[in-house]
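Undergrad: Got a structure here, written out as structure tokens. Questions coming.
Numbering (this note's numbering), first residue to last: 815 to 1066.
Structural data, given as structure tokens:
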């Protein structure tokens, strides 16, 4: 037999149960309504927050000018003027053009005739000759002398050089107050040379084979001409050795 306890059972009448049911339903409706309102609020917040965030972001992007930092840089005021001045100077200032002419003195030539031939000023010729003793050689130019003339772009005389020989020249140059003359002396380069050869036929032939210049061979024959008869005394197999000086100018 199954005995059940009836002590804790709630004994209510059917009328009491009917009265309790509406209260219970009313409580559940209030909870469901509150839950629906909460869900609506959450949905509204979710939809509003991104819009506000997007609106705020666009507003910040539109206000980027407020975030810009501007620095004033000092530029040199005369930079453009300086460039213009350089261009202006390069246009106005002509390049220095120097022309060099060379002429050989002919028979009957004078310095005046040479000046006239090259269309040079007679006044400047007078000023050059007025220098006196330093330009005296110009009065005695000789056929075969070389005269070098340097002119500027306008054909004005800058320098005149009389080349008397390869070692001596007279140079007349234009200076601030007129002209000045200067004697130019060049020093040749001296080299010691050694030569030797065996004579088979003649001294001249042996000298040429050893590379001796003809002038040195003639000088050698002149030095020993009083002691040696180069026509009778020279025999086949004789030898000579010679040390002499050579002078060079401009590598020649």
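In this text, a Cβ means the ideal position worked out from N, Cα and C, and glycines have one as well.
Under DSSP, the alpha helix (DSSP H) around residue 921 begins and ends at which residues?
TA: Unbroken run through residue 921: none, as it is neither H nor E.
Undergrad: Please go through the same chain and pick out, in chain order, the residues whose beta-carbon is closer than 8 Å to the beta-carbon of residue 858, but skip the five residues on each side of it.
TA: With a pLDDT of only 47 at residue 858, under 50, the local geometry of the prediction cannot be trusted, and no value is derived from it.
Undergrad: Can you find the residues in the same chain that come closer than 7 Å, C-beta to C-beta, to residue 1055, ignoring five residues on each side of it along the sequence?
TA: The beta carbon of residue 1055 sits closer than 7 Å to those of 1010, all from its chain and outside the five residues before and after it, given in chain order.
Undergrad: Please state whether DSSP places residue 958 in a helix, a strand or coil.
TA: coil
Undergrad: The beta strand (DSSP E) that contains residue 949, what's its start and end?
TA: Run containing residue 949: none; DSSP gives neither H nor E here.
Undergrad: Tell me which residue opens and which closes the alpha helix (DSSP H) that residue 931 is part of.
TA: Counting along the chain, the alpha helix (DSSP H) containing residue 931 begins and ends at 925-931.
Undergrad: Are the stretch 939-951 and the stretch 985-995 touching, with three or more C-beta to C-beta distances below 8 Å?
TA: yes
Undergrad: Which partner residues does residue 987 have in the DSSP bridge list?
TA: 973 and 994
Undergrad: Beta-carbon within less than 7 Å of residue 926's beta-carbon, same chain only, minus the 5 sequence neighbours each way: which residues are those?
TA: Excluding residues up to 5 positions away in sequence, 939 lie with their Cβ nearer than 7 Å to the Cβ of residue 926 in the same chain.
Undergrad: For the stretch 998-1018 and the stretch 1050-1065, state whether three or more C-beta atom pairs, one from each stretch, are separated by less than 8 Å.
TA: At 8 Å Cβ cutoff, the stretches touch.
Undergrad: Can you tell me which of 1003, 934 and 914 puts its alpha carbon nearest to the alpha carbon of residue 1061?
TA: 1003
Undergrad: Could you tell me how far apart the beta carbons of residue 964 and residue 912 are, in whole angstroms, since I believe they sit closer than 8 Å?
TA: 6 Å
Undergrad: Within this structure, are the beta carbons of residue 1017 and residue 1044 separated by less than 8 Å?
TA: Cβ atoms of residue 1017 and residue 1044: closer than 8 Å.
Undergrad: Which word fits residue 967, buried or exposed, when buried means at least 16 other C-beta atoms lie within 10 angstroms of its C-beta?
TA: exposed
Undergrad: Give the secondary structure of residue 1062 by DSSP, where H, G and I count as helix, E and B as strand, and everything else as coil.
TA: strand
Undergrad: So, are the CB atoms of residue 919 and residue 955 less than 8 Å apart?
TA: yes
Undergrad: On the DSSP bridge assignment, give the partners of residue 911 in chain order.
TA: Residue 911 is not bridged to any residue.
Undergrad: Assuming contact is defined by CB atoms lying nearer than 8 Å, are residue 976 and residue 999 in contact in what I supplied?
TA: Result no, Cβ atoms of residue 976 and residue 999 do not sit closer than 8 Å.
Undergrad: How should residue 1021 be labelled, buried or exposed, when 16 other C-beta atoms within 10 angstroms of its C-beta is the threshold for buried?
TA: Per the 10 Å Cβ criterion, buried.
Undergrad: In whole angstroms, what separates the C-alpha of residue 1064 from that of residue 1001?
TA: 10 Å
Undergrad: Is the beta carbon of residue 934 closer than 8 Å to that of residue 972?
TA: no
Undergrad: Under three-state DSSP, which class holds residue 1026?
TA: coil
Undergrad: Roughly how many whole angstroms lie between the Cα atoms of residue 1036 and residue 959?
TA: 31 Å
Undergrad: May I ask you to report which of helix, strand or coil DSSP gives residue 965?
TA: Strand at residue 965.
Undergrad: Which residues mark the beginning and the end of the alpha helix (DSSP H) in which residue 936 is found?
TA: Per DSSP, residue 936 belongs to the alpha helix (DSSP H) from 936-943.
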